[in-house]
Structures are given as structure tokens and as C-alpha cells.
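J.: Just passing along the structure, written as C-alpha cells.
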Amino acid sequence: MKQHLIFAAVAFFGACSLAQADPSACGKAAWYEYTTRTASGEMANPNAMTAAHRTLPFGTKVKVTNLRNGKSVTVRINDRGPYTKGRVIDLTRAAARKLGYINAGTAPVSLILADDPAGKPVPGCPR
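Residue numbers (mature numbering (1 follows the signal peptide of the UniProt record, and there is no 0)): -21 to -1, 1 to 106.
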């Protein structure tokens, strides 16, 4: 009985952690221009195509699409964040420039894994 409870707990918490790491999301993106070390230990480079995400593993490549203008960029996760309510990703200045929202500061975006064969934006994201 005890083994069954342990197995159930591991299965439950494992499923919860997978749900939290779902890269398919939509929300707001912001940009940052730090030059300190990132959570992964590498130096932040505002000219690189990198980003901060709360749960995705470092090194994950994510396609970010600006829902206002349809522009997309692929970034590599190398930092943690954002820690502002409503935001799903923080991008470097270079990535935000390619997406066309430097002056606005934030933009509505959709996120998918860059190697997702379907390559579709998440249903329910505003257009």
C-alpha cells in the first residue's frame, strides 16, 4: 500500500511539473538589457537571441510571435523570469527589436517550441 501511495505521489507531482513547463502559451513579453550573469551562469548579452522563462529548461529554443504584427523570432532560454504578473517571457533587446516592440516596451505574444512540427500558435491567443 505504501509503495502505491509513493508511486501515485511521484506520478502526480511529475505531471504537475510537466504542466508548468508547457512552452505553448500566450501572454505579454517584455525586454531587458542586463549585462550581468544570467541564471544559467552565462553572461547576459543584449545583442543575443536569448530569453528568460520561468520553467523551461536552459537551452530550450522557443519561437516567439508578436500577435500585433505577426513577426516571429527564435530565442534560446538562458535565464529565469519574468517575475511580473501577466508576462510569459522576457526577451533581450535584440529579440524585441526583431519583433518590433522596443518603443512599446511589451507586446502580446504566443510561444511554441521551435522544433514543434505543427508550428501553430496556441488556440485562444488574441490576434
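Backbone N, C-alpha and C fix where the C-beta goes; we use that ideal spot for every residue, glycine too.
Tell me the rounded alpha-carbon separation between G65 and T15.
T.: 24 angstroms
J.: Given this structure, state the Cα-to-Cα distance separating D94 from K40, to the nearest angstrom.
T.: 8 angstroms
J.: Just the C-alpha distance for V67 and H32, rounded to the nearest angstrom, thanks.
T.: 7 angstroms
J.: To which residues does DSSP link Y11 through a beta bridge?
T.: T71
J.: Nearest CA to the CA of Y13: which residue from N82, T34 and A73?
T.: A73
J.: Report buried or exposed for A30, applying the criterion of at least 16 other Cβ atoms within 10 angstroms of its Cβ.
T.: buried
J.: Where does Y80 land, buried or exposed, given buried means 16+ other C-beta within 10 angstroms?
T.: buried
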